[in-house]
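The sequence shown runs -18 to 550 under my numbering.
Just so it is clear, CB atoms sit at the ideal spot from N, CA and C, and this is done for glycine as well.
Everything numeric in this text was worked out from a predicted model, so none of it was measured.
Take a look at the structure below.
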Amino acid sequence: MDPQSDIKRKLSQINREAEERDAKRRALKLKFPYLDLSTAPLEVDALGLMSEEAAQHAKSAIIGQKRNDLVVVSYDPGAAEAKKFFDALKAKKFALKISVVSLAGLEHVWSFYQFIHGASNEITGKVQINKAHLEEFHGKLNTLEKAVAEIQKRILGGLGAGDLLEIFLASALSLGASDIHLEPENDSVKLRLRLDGLLHDIFKGIKKEDYGLLLSRIKLLSGLKLNIHHISQDGRFTIGVKEKEVEIRVSVLPSEYGETVVFRILDPETIQLKLNDLGLRPDDLELVQTELAKPNGMVLNTGPTGSGKTTTLYAFLLHVQNPEVKVITIENPIEYRLPGIEQTQIDEESGYTFENGLRAIVRQDPDIILVGEIRDKETAEIAMHASLTGHLVFSTLHTNDSFGTIPRLIDLGVKPSVLGPALNLIIAQRLVRKLCEKCRKPVAISHEYSKHIAGFLQKLNSRVNQEDYQEIKLFEASGCEACGKIGYKGRIAIFEFLRVDDEISEVIYKEPSEQSIKEAAKKQGVISLQEDGILKAISGITTLEEVQRITGQIPWLKGSKKSEAESTL
């Protein structure tokens, strides 16, 4: 930082602290509570109850409202102008909670009027992206290089906060990004996009002053407190894009150099998947269809955040949904709206948690229940008992693989005697990048590779049709206009399915260790995550290197592909 700027910043901080000390003394003298507006929450809707002109004339502001109760701040509540304004509010049957504040604090609050003047339609949580911008970006931003150049040109052109946000959202949608990251650094802010699971730097020179306005715009749209900077906040808003609405989940987190923002883009088109679209092998598809046909029991999907668990469970819900059954979900939050399904969202502030929400749902006579996540003993036990009393229950759990699910549930406090009868199917899944079909390049397979692959196939259980893998197809990533010069486009899930049959149930009851369950699963012929990934790689869908990146070292895959596979055909 420039020494002169640093000195100015420190002087400004000293002056602000002096003003706050003075406000505390005045509050004590006037017998009113004191409030520091640099940390107090501000509701923009409440601020709009008082015009900016009236606020400045009375040296006051309304910063919060709950029904007829108003949170009012004032430089001097005893001043004639302030008293006149307070009396007008009381005449309208408002109850006032008045605090004394500094003038600097008021000026900070008044700065937020710029977001509400003549723009009440903007405080709706819904953003309309300019159609011309979208069409223009779809034509221009088909590669990362082009995206970087276009965004840089527009940012350096001096766009306002609203235009900046629109550009970021439009570019992310055009490139098919799942997340947008805004990360403050020492003297600027960096923009990154997550494409097919990997983050890419887009631009590193957003000015801090521009970012401040952009951050306020984001908070306003997401329903967050504008002048709260020291705690994390979560919100959401909706983008109207052509014939659909895309929901944006927003997470704001304080960091060393300012507040970081992450947008999760929830495109409804990504969950319109049928079972056949999930990338299941024929034998796995048959297994899933058999388990989903059961009238009761639990299906648990495991894996880290962002591994596609919710998308898979939504596909299951859409498969079993029909007019003759009632489906209810409890989620945190509701990620996608599903037609014909009753969806509820937890609200811990009001006491609607997974635990008591699930208790209430069971009393609503559902046939099928989706619990967004099992994270504690109470939720786990209620979900298990629901599966034992005639309900088909879907849920998720954070474990590394299907074999670790049982020990994890026991750690939460669920009795082993309940787990066997309650569980039907345990799934583990990850997402791997798919090769771009327009530019993927076949590689010749060395004799050593052929031996390894043949040995791998021989060890697989009889459920896998060996004839499907008579012709081995290995490809490498290349890069073209269609995939943005990356070589991969889109992702596909790799799966591991553990049926909780009589043998697994007995192991759970007698010796529920991860190793014991893994040994029993071998007899069942479970195909592991890595094995499913290898099968997809030798079918030309992805690469062995990508499978190894996601699942860990493949024992016989050493060195680079070029040295092992000899040469490109």
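Quick one: give me the first and last residue of the beta strand (DSSP E) that residue i is part of.
i	result
PRO402	PRO402 -> not in any beta strand (DSSP E); alpha helix (DSSP H) instead, spanning 397 to 403.
ASP50	50 to 55
VAL170	169 to 176
ASP182	179 to 188
GLN326	323 to 326
ALA42	41 to 47
LEU516	Taken as a continuous stretch (DSSP letters only), LEU516 belongs to no beta strand (DSSP E), being part of the alpha helix (DSSP H) at 510 to 518.
ARG421	Run containing ARG421: none; DSSP gives neither H nor E here.
PRO235	225 to 236
LEU351	349 to 352
Between residue i and residue j, how many whole angstroms is the CB-CB distance? I'm expecting something under 8 Å.
i	j	result
SER80	PHE13	6 Å
ASN282	GLY371	21 Å between Cβ atoms; not a contact.
ASP382	ALA409	5 Å
THR291	GLU323	The pair is not a contact, with the Cβ atoms about 17 Å apart (cut-off 8 Å).
LYS78	ASP57	Not a contact, Cβ separation roughly 17 Å.
VAL308	LEU298	6 Å
GLY287	ASN313	With a Cβ gap of about 16 Å, GLY287 and ASN313 do not count as contacting.
ILE43	ALA21	Wrong, their Cβ atoms sit about 12 Å apart, outside the cutoff.
GLU237	HIS210	Contact flag wrong, Cβ pair sits at about 13 Å.
How many angstroms separate the CA atom of residue i from the CA atom of residue j?
i	j	result
ARG340	LEU256	30 Å
LEU23	GLU228	24 Å
GLN439	GLY521	19 Å
LEU373	TYR490	22 Å
CYS464	PRO249	22 Å
THR310	ALA35	47 Å
GLY59	LEU70	15 Å
GLU166	LYS189	9 Å
PRO397	LYS275	22 Å
LYS10	LEU201	36 Å
ARG2	SER55	15 Å
GLY332	ARG530	41 Å
ASN337	GLY394	18 Å
LEU154	GLU147	11 Å
SER19	GLN214	16 Å
GLY506	PRO388	20 Å
THR334	THR360	9 Å
LEU234	LEU247	20 Å
PHE476	HIS433	22 Å
ASP392	VAL413	30 Å
Is residue i helix, strand or coil when you go by DSSP?
i	result
ALA312	Rather than Ala, the amino acid found at residue 312 in this sequence is Glu. In this structure, GLU312 counts as strand in the three-state DSSP scheme.
THR241	strand
ASP26	helix
ASN282	strand
ARG198	helix
SER494	coil
LEU156	helix
ARG135	helix
LYS470	strand
GLU362	helix
LEU266	helix
ALA409	strand
HIS561	It is not possible to answer for residue 561, since the shown part of the chain is limited to -18 through 550.
LYS206	coil
LYS415	strand
HIS428	helix
THR20	coil
LEU84	helix
HIS162	strand
GLY106	Bear in mind that a pLDDT of 45 at GLY106, under 50, signals an unreliable position, so the model cannot answer this.
THR124	coil
ARG6	helix
Does residue i pass the burial test, meaning 16 or more other C-beta atoms within 10 Å, or should it be called exposed?
i	result
LYS415	buried
ASN(-4)	exposed
ALA560	Residue 560 is absent from the structure shown; the chain starts at -18 and stops at 550.
LEU(-8)	exposed
GLN95	exposed
GLY260	buried
GLU362	buried
ARG175	buried
ASN303	exposed
THR532	buried
ASN442	exposed
GLY436	exposed
ALA(-1)	exposed
In terms of residues, what are the limits of the alpha helix (DSSP H) holding residue i?
i	result
LYS290	290 to 301
ILE522	Here ILE522 belongs to no alpha helix (DSSP H), and DSSP marks it neither H nor E.
GLU62	61 to 72
PRO388	386 to 393
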